[in-house]
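K.L.:
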Amino acid sequence: MIVLKNVSFSYGGLDVLKKCSLQFESGETHLIIGSTAAGKTTLGLLIAQLLKPDRGRVVFPRGNIKDIRREMGFLFQFPEDLFFNETVYEEIAYGAKRHHIKNIEERVHSAIEMVGLNDDFFMKSPFNLSEGEKRLVALASILVWDPSWIILDEPFSGLDWQARERLVKTIKELKGEVGIILISHHIDDIIEYVNQVILLVEGEIAFASPPDEVDWDMVFESGCDIPYGVKMAKRLRDNGIDVSLEYSIPRLIQALKK
Ligand SMILES: Nc1ncnc2c1ncn2[C@@H]1O[C@H](COP(=O)(O)OP(=O)(O)OP(=O)(O)O)[C@@H](O)[C@H]1O
Ligand SMILES: [Mg+2]
């Protein structure tokens, strides 16, 4: 579990996060949303111990800080820009070497399978893959050292819908194996699979709720995109049909039947 207690952070004089308190259960998938410059990436960096809070604390009830760094993987936005190895195998193995993993070959095989690719990719150049495959290889180079948490900052950006679906499938399959903290405004892709949705508004936590308890009006007013189901429900409301704001079309149909 990761607990944030009244965490505040500023860059110079700019207050970016204000008294944020949150709880992330291990093995669950958490989605952080918020409009541009709300402080999402900064929050991710604080959780990953890559930044230190000015005030408040990030607590890992089990484990000490030295262990924690080893337990946290951070997938930066456009991670493939950091590739530098000649083959996919070496790119993934590099992550393992950096963390002094012993059974590297075994781990690289398992990591490539976890992201839904296979050994045929090993001798390819990581630079010649499709954008979606590059993103999966970048994720594999983190999974290879078996972190208990991964933080993914806008992992869907720049991907077409097929690549996004493939990545969603991987994230879905990782659920339970590893704690996932996802920063994304592609809410539609992933909302069904998350345990907790956190809305950040100008550096403050507006809410942290299970997906079916999200206040979608609040999300809309904060300037974030809303799922297609919610958009449809709003249209229906505008046309005099009283229906709850549901995040997916199947849920909206169920609500209409009631
Ligand atoms: N290294 C930095 N130095 C100074 N200011 C920064 C730095 N990084 C971010 N900021 C500022 O902090 C605020 C929050 O930035 P952050 O990147 O955390 O937001 P975000 O919610 O991830 O935004 P986006 O949706 O654009 O990715 C912004 O106003 C940003 O300009
Ligand atoms: Mg960001």
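Just so we're aligned, residue 12 is where the sequence shown starts under the working numbering, counting upward by one. For each residue, glycine too, the CB sits at the ideal point set by N, CA and C.
#1: Taking the alpha helix (DSSP H) that TRP227 belongs to, which residues open and close that run?
#2: Under a Cβ-count criterion, where at least 16 other Cβ atoms within 10 Å of its own Cβ denotes burial, should THR181 be classed as buried or exposed?
#3: Closest by CA to ASP2, which one among ARG262, ILE192, ALA107?
#4: To test your reading of the DSSP string, which unbroken beta strand (DSSP E) runs of 3 or more residues are found completely within the stretch 141-223?
#5: Cβ atoms of LYS51 and ILE43: under 7 Å apart, would you say?
#6: By how many angstroms is the C-alpha of SER220 removed from the C-alpha of ALA271?
#7: Please report how far the alpha carbon of PRO158 lies from the alpha carbon of GLY84, in whole angstroms.
#8: Hey, is LYS29 close to ligand 1, as in C-beta under 6 Å from one of its heavy atoms?
#9: Quick check on the burial criterion: 16 or more other C-beta atoms within 10 angstroms. Buried or exposed for ARG80?
#10: Between the stretch 25-41 and the stretch 187-204, can you find at least three pairs of beta-carbon atoms closer than 8 Å?
#11: For the beta strand (DSSP E) containing GLN60, list its first residue and its last residue.
#12: Please report the distance separating the alpha-carbon of GLU232 from that of GLU116.
#13: Can we count GLY50 as close to ligand 1, meaning its CB is less than 6 Å from some heavy atom?
#14: Can you find at least 3 beta carbon pairs, one from the stretch 14-26 and one from the stretch 63-70, that sit closer than 8 Å?
#15: Taking the straight line between their C-alpha atoms, what separation do you get for ARG175 and PHE167?
#16: Counting C-beta neighbours from all protein chains within 10 Å, is the total for LEU154 16 or more, i.e. buried, or is it exposed?
P.N.:
On the basis of the coordinates in this document:
#1: 227-232
#2: buried
#3: Any question about residue 2 goes unanswered here, given that the chain covers just 12 to 269.
#4: 160-164, 190-194, 207-212, 215-220
#5: yes
#6: Since the first residue of the chain shown is 12 and the last is 269, residue 271 is not available in this structure.
#7: 6 Å
#8: no
#9: exposed
#10: yes
#11: Note, GLN60: premise wrong, no beta strand (DSSP E); not H, not E.
#12: 49 Å
#13: yes
#14: yes
#15: 6 Å
#16: buried
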